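Chains as they are written, first to last, in this note's numbering: chain Y, 1 to 144; chain Z, 1001 to 1144.
Even glycine gets a Cβ: it sits at the ideal position worked out from N, Cα and C.
Please read all numbers here as calculations on a predicted model, not as lab measurements.
Right, one structure below, let's go through it.
2 protein chains.
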Amino acid sequence: MMTQVRECSVARTLELVGSKWTLLVVRELFLGSRRFEEIARFTGGPRDILTDRLRRLEAHGLVTRVQYEQRPPRFEYHLTDLGRSLAPIIETMREFGDRHLAGEDGPPARFEHSCGAEFHPVLACKACGEVVRRGEIEMVNAAT
Amino acid sequence: MMTQVRECSVARTLELVGSKWTLLVVRELFLGSRRFEEIARFTGGPRDILTDRLRRLEAHGLVTRVQYEQRPPRFEYHLTDLGRSLAPIIETMREFGDRHLAGEDGPPARFEHSCGAEFHPVLACKACGEVVRRGEIEMVNAAT
DNA sequence: GTGATGAGTTGGTTTTTCCAACGTACTCGG
DNA sequence: CCGAGTACGTTGGAAAAACCAACTCATCAC
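Following this line, the structure appears as structure tokens:
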């Protein structure tokens, strides 16, 4: 019996945010951009694609479109709670880029944790709170 | 002066792993698949695209191609250290999917941390070790 | 010699993405 | 009132990417 495509949460997540420009739109919203023009300028994405991505994110409940002007009707975009829960994905991607793809000037943007230090994320185990190291995670078979 | 596209580590990371199927290939390698046939079967991706993604990952030093047979020449694929440092990205994506996109049966795969509990990652601050909550991160201006 | 396995490659179709230009509805300055 | 500017898209057509089934090539098992 030839086994099939793997059921996987990574794959499902990628269906939601895996197409080009989507995560850059989300990044912009995290950085505080709200309006179409800002998103277009800061991401550099084609306007029609950005429209599509915003509509799609809205349809999946990650973004809401909020009217901020009556005449002419204009909208801005906000992350929902669900959308904000993409933060760890964006942060770990930023960290990878900072560590491995930065030029001579270092990372192009810096962030600070409320503890006062420059922020760099690491993964911890939710249950025990310890920082996770290589080799500490193993897949367990869900089958009976 | 109209500001330009944002310099950003997230964007750089996406240039590396942002195209379709790339992260699913990486996921498969994390799960232990080594051979082309396994990667093709478990991801479900088109074979020509998978070939391209593997070559690209190799070119960027995330994957190595290792010959395991002379006649006919056959290769398997392994993550390099650099490739393994994509783990947090995959893990946070899996966690998002587990939390928000799982069906009635719950997540399709389970993992265990060496502490004995089922593994779910959270972000912690590398400097202080504390788990990060919403609103604790702020962008700081790198300019003088 | 027939069939199966493994790792691709090929040619042609379909789907996405890209881009510049356009449309609409206002506001502002003169 | 006129023209320019701003904001948020939409449109049509070209270019790039992805998709798919079928094929290759080498070897092994029967």
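Alpha carbon of residue i to alpha carbon of residue j, nearest angstrom
i       : j       : result
F1042/Z : F1030/Z : 12 Å
A1059/Z : H120/Y  : 27 Å
L1016/Z : G1061/Z : 11 Å
V66/Y   : S1114/Z : 45 Å
M93/Y   : R71/Y   : 39 Å
T1038/Z : D98/Y   : Here residue 1038/Z turns out to be Glu, not Thr, going by the sequence shown. The alpha-carbon atoms of E1038/Z and D98/Y are separated by roughly 32 Å.
F1036/Z : R74/Y   : 50 Å
T144/Y  : V1005/Z : Residue confidence is low: T144/Y scores 47 on pLDDT, short of 50, so the model does not pin down where it sits. Its coordinate-derived value is still stated next. If I take the Cα positions, the gap works out to 51 Å.
V1025/Z : T1051/Z : 10 Å
G129/Y  : V1122/Z : 9 Å
S85/Y   : F1096/Z : 8 Å
A1127/Z : E112/Y  : 10 Å
G1083/Z : G32/Y   : 31 Å
I137/Y  : V10/Y   : 16 Å
D81/Y   : I1089/Z : 20 Å
E76/Y   : V63/Y   : 10 Å
W1021/Z : A40/Y   : 26 Å
N141/Y  : G1116/Z : 15 Å
R1056/Z : A1087/Z : 18 Å
P1108/Z : G135/Y  : 21 Å
H78/Y   : R1133/Z : 19 Å
E1091/Z : R1110/Z : 12 Å
R1034/Z : R34/Y   : 43 Å
L54/Y   : L14/Y   : 16 Å
A124/Y  : I1049/Z : 34 Å
L23/Y   : L1023/Z : 14 Å
A100/Y  : H1100/Z : Correcting the residue identity first, residue 100/Y is His in this sequence and not Ala. Straight-line Cα distance between these residues: approximately 30 Å.
Buried or exposed (CB count within 10 angstroms, at least 16 for buried), residue i
i       : result
M1139/Z : exposed
E1007/Z : exposed
D105/Y  : exposed
E69/Y   : exposed
V1131/Z : exposed
P1046/Z : exposed
E1028/Z : buried
A1102/Z : exposed
G18/Y   : buried
E118/Y  : exposed
R1012/Z : buried
G44/Y   : exposed
Which of helix, strand or coil DSSP assigns to residue i
i       : result
V1005/Z : coil
T1144/Z : Legend: pLDDT at T1144/Z = 48, less than 50; position of this residue unreliable, value from coordinates given subsequently. Three-state DSSP puts T1144/Z in coil, outside helix and strand.
Alpha helix (DSSP H) runs wholly inside the segment 60 to 138 of chain Y, at least 4 long, in chain order: 81 to 84 and 87 to 100
Sequence ranges, alpha helix (DSSP H) only - wholly within the segment 1006 to 1039 of chain Z, length at least 4: 1009 to 1017 and 1022 to 1030
Against chain Y: residues of the segment 1082 to 1109 of chain Z by CB proximity under 8 Å: L1082, R1084, S1085, L1086, A1087, P1088, I1089, I1090, E1091, T1092, M1093, R1094, E1095, F1096, G1097, D1098, R1099, H1100, L1101, A1102, P1107, P1108 and A1109
Near-chain Y residues of the segment 1039 to 1051 of chain Z - C-beta to any C-beta below 8 Å: R1041, F1042, T1043 and G1044
Contact list for the segment 119 to 131 of chain Y against chain Z, Cβ threshold 8 Å: F119, H120, P121, V122, L123, A124, C125, K126, A127, C128, G129, E130 and V131
Chain Z contacts from the segment 1 to 16 of chain Y (Cβ-Cβ distance under 9 Å): M2, T3, Q4, V5, R6, E7, C8, S9, V10, A11, R12, T13, L14, E15 and L16
The segment 1065 to 1078 of chain Z: positions lying closer than 7 Å to chain Y by Cβ: For the segment 1065 to 1078 of chain Z, which is checked against every Cβ of chain Y, not one residue is closer than 7 Å.
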